[in-house]
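Chains as they are written, first to last, in the numbering used here: chain A, -6 to 111; chain B, 152 to 268. Note that beta-carbon positions come from the ideal geometry of N, C-alpha and C, so glycine has one too. Treat the numbers as computed from the prediction; the structure is a model and nothing was measured.
The structure is reproduced here in structure tokens:
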């Protein structure tokens, strides 16, 4: 049984470059979330997929950010023309409906991708 | 308006003693859940415990218990018999049930706990 995986774990890029991160959720989890965590802060919601459909995007997700989840499996998060303010930990989480209460949608987090923009 | 407030940026506790990490929340959704996550230096978010808004009893998971005071809108985490491995960042989070179908988590700013030997 594998958990949520993210690749790469670390990325250093120069300002203005494009970067792409990948998240592989737990198999059969239909919900996938991206969060961003800056130093000393809690994670902030970026976007959410149910299967392949992107159902919600935060105002934090500027036009330079795009996320996809083709075929409802893995997801990618691309940042175009990176800025120093994009430096953060990008966390992916997945969840699946449970058998019982509303709160069975527990989110399982990956190890994150730490982005540094120089 | 900030929905999750953690007022303790850092806490110290002596090994084997108990410690309480504070969390207050704000929501108008009658159906919500409150969560605590641990984030060690490796970065991964580890789920510890949750409390549903309709749960009558406080949640407990091993050495973790959640002191849920609904009228005061607080959900404090109590860690009993602290261990050196408990040193980490701790985040309180909320999920709204009826007003937010995405079930996304809203996190506080965290409390850094350091357990002294």
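Can you tell me whether residue 236 (chain B) is helix, strand or coil according to DSSP?
helix
Find the residues of chain A that neighbour residue 255 (chain B), judging by a C-beta separation of less than 8 Å, and give them in chain order.
Chain A residues near residue 255 (chain B): 26, 38, 41, 49.
Can you tell me where the beta strand (DSSP E) holding residue 164 (chain B) begins and where it ends?
161 to 165
Per the DSSP calculation, residue 81 (chain A) is bridged to which residue(s)?
A:108
Opposing strand residues paired with residue -1 (chain A) [DSSP bridges]:
A:16
Return the first residue and the last residue of the beta strand (DSSP E) that residue 262 (chain B) is part of.
262 to 267
Beta-carbon contacts of residue 65 (chain A) that lie in its chain and below 6 Å, excluding the five residues immediately before and after
44, 45
What residues from chain A crowd round residue 193 (chain B), counting only those whose CB sits closer than 8 Å?
Within chain A, the residues near residue 193 (chain B) are 104.
Is there a C-beta anywhere in chain E that falls below 9 Å from the one on residue 244 (chain B)?
Although the question refers to chain E, the structure presented lacks it and instead comprises the protein chains A and B.
Cut-off 6 Å between Cβ atoms - residues of its own chain near residue 219 (chain B), not counting five sequence neighbours on either side:
Taken in chain order, the residues that qualify are 202, 209, 226.
Starting from the C-beta of residue 265 (chain B), find all residues in its chain whose C-beta is less than 6 Å away, skip the five residues before and the five after it, and write them out in chain order.
163, 238
Chain-ordered chain A contacts of residue 250 (chain B) [CB-CB under 8 Å]
Within chain A, no residue comes near residue 250 (chain B); the closest Cβ sits about 13 Å away, beyond 8 Å.
Should residue 155 (chain B) be flagged as near chain A, meaning a C-beta pair shorter than 9 Å?
yes
Within 10 angstroms of its Cβ, does residue 168 (chain B) collect 16 or more other Cβ (buried), or is it exposed?
exposed
Between which two residues does the beta strand (DSSP E) holding residue 40 (chain A) run?
37 to 43
Leaving out five residues before and five after residue 2 (chain A) in sequence, what residues of the same chain have Cβ atoms less than 8 Å from its Cβ?
104, 105, 106, 107
Pick helix, strand or coil for residue 64 (chain A), following the three-state DSSP scheme.
helix
Looking at the strands, I want to know which residues DSSP matches up with residue 50 (chain A).
In the DSSP output, where bridge partners are listed per residue, residue 50 (chain A) has A:40.
Using CA atoms only, rank isn't needed, just tell me which of B:247, B:166, B:235, B:157 is closest to residue 185 (chain B).
Check the Cα spacing between residue 185 (chain B) and each of B:247, B:166, B:235, B:157: the tightest is with B:247.
Quick check on this structure: which residue in B:268, B:263, B:262, B:258 has the alpha carbon closest to the alpha carbon of residue 177 (chain B)?
It is B:258 whose Cα lies nearest to the Cα of residue 177 (chain B).
Rounded to whole angstroms, how far is the Cβ of residue 121 (chain A) from the Cβ of residue 75 (chain A), which I believe are closer than 8 Å?
With chain A covering -6 to 111 only, the question about residue 121 (chain A) has no answer from this structure.
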